[in-house]
Amino acid sequence: MWAVAQSSHAQFSYPREQTKLEITVTADASVNPDDKGRAAPILVRIYELKSEGVFESADYFSLSSNDKALIGSDLLVRDEFILRPGDVKTIRRKSHPDLAAIGVVAGYRDLAQADWRAIQEIDPAPEVAWYRSVMPANKVRLQVDLQAKGIQLTPLK
């Protein structure tokens, strides 16, 4: 008997460059107000995501208590910090090459009345090229404004 060889072509993808990230998070002076309208500190998480699906469909408490298991392999990097009203924090680093979206979650006191989640899709990074040592790589700049009752995410040029 003759064995029949099957041709299987594995898909090959070239490695992607790391995108330079600059994410500036600003807590408004009126962020996260209590019942008397006084601003309060707020917990913030910034996520680098491979895809948005699970992140977009999860509720706040699931993300808050079990985000790593919930998001699973779609989670590339996570930052967590607390900002006081008026604080500004800037994150600068190279992203994971598989970055597809940046997600932001903020722990507002009144979750039912707040826009506690925001997401920004990121264009795929270019393939690694020899000339990147002399030409700047892809760069993503985002402004995250934590307002009294919600997150405003703005891409910058």
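Here the sequence shown is numbered in the numbering used here, starting from 10 and rising by one per residue.
Every residue, glycine too, gets a C-beta built ideally from N, C-alpha and C.
Since the structure is predicted, the reported quantities are computational estimates derived from the model, not experimental observations.
Three-state secondary structure assigned by DSSP to residue i
{"i": "Glu89", "result": "strand"}
{"i": "Trp11", "result": "Interpretation of Trp11 is limited by its pLDDT of 49, a score under 50 that renders its predicted location unreliable; the figure taken from the coordinates is listed afterwards. Coil at Trp11, not helix or strand."}
{"i": "Leu165", "result": "strand"}
{"i": "Asp124", "result": "strand"}
{"i": "Gly112", "result": "strand"}
{"i": "Val53", "result": "strand"}
{"i": "Glu61", "result": "coil"}
C-alpha gap between residue i and residue j, whole angstroms
{"i": "Thr1", "j": "Lys59", "result": "Outside the shown range of the chain (10 to 166) lies residue 1, about which nothing can therefore be said."}
{"i": "Gln156", "j": "Glu89", "result": "18 Å"}
{"i": "Asp83", "j": "Pro42", "result": "32 Å"}
{"i": "Lys166", "j": "Asn147", "result": "12 Å"}
{"i": "Gln161", "j": "Thr28", "result": "22 Å"}
{"i": "Gly95", "j": "Gly46", "result": "15 Å"}
{"i": "Glu61", "j": "Ala49", "result": "29 Å"}
{"i": "Ser73", "j": "Ser66", "result": "14 Å"}
{"i": "Val7", "j": "Val153", "result": "Outside the displayed range of the chain (10 to 166) lies residue 7, so it cannot be described from this structure."}
{"i": "Arg101", "j": "Val114", "result": "18 Å"}
{"i": "Ile32", "j": "Pro164", "result": "9 Å"}
{"i": "Leu79", "j": "Asp124", "result": "20 Å"}
{"i": "Gln122", "j": "Val40", "result": "13 Å"}
Residue i versus the options, residue with shortest Cα-Cα distance
{"i": "Asp44", "options": "Leu162, Asp154, Arg118", "result": "Arg118"}
{"i": "Asp107", "options": "Gly116, Val153, Leu85", "result": "Leu85"}
{"i": "Phe64", "options": "Ala36, Ile32, Glu130, Leu30", "result": "Glu130"}
{"i": "Gly116", "options": "Val97, Lys158, Val149, Lys29", "result": "Lys158"}
{"i": "Leu92", "options": "Ser74, Val153, Thr35", "result": "Thr35"}
{"i": "His105", "options": "Trp125, Ile160, Pro133", "result": "Pro133"}
{"i": "Leu120", "options": "Leu52, Asp37, Leu30", "result": "Leu52"}
{"i": "Ala110", "options": "Arg150, Ala123, Ser39", "result": "Arg150"}
{"i": "Ala127", "options": "Asn75, Ile80, Lys77, Ile55", "result": "Ile55"}
{"i": "Leu30", "options": "Lys103, Glu57, Phe70, Tyr69", "result": "Lys103"}
{"i": "Glu57", "options": "Lys77, Trp125, Thr163", "result": "Lys77"}
{"i": "Gly112", "options": "Gln122, Arg87, Phe70", "result": "Arg87"}
Bridge partner(s) assigned by DSSP for residue i
{"i": "Arg102", "result": "Leu30"}
{"i": "Arg150", "result": "Glu31, Leu165"}
{"i": "Ile160", "result": "Leu155"}
{"i": "Val97", "result": "Thr35"}
{"i": "Leu84", "result": "Leu58"}
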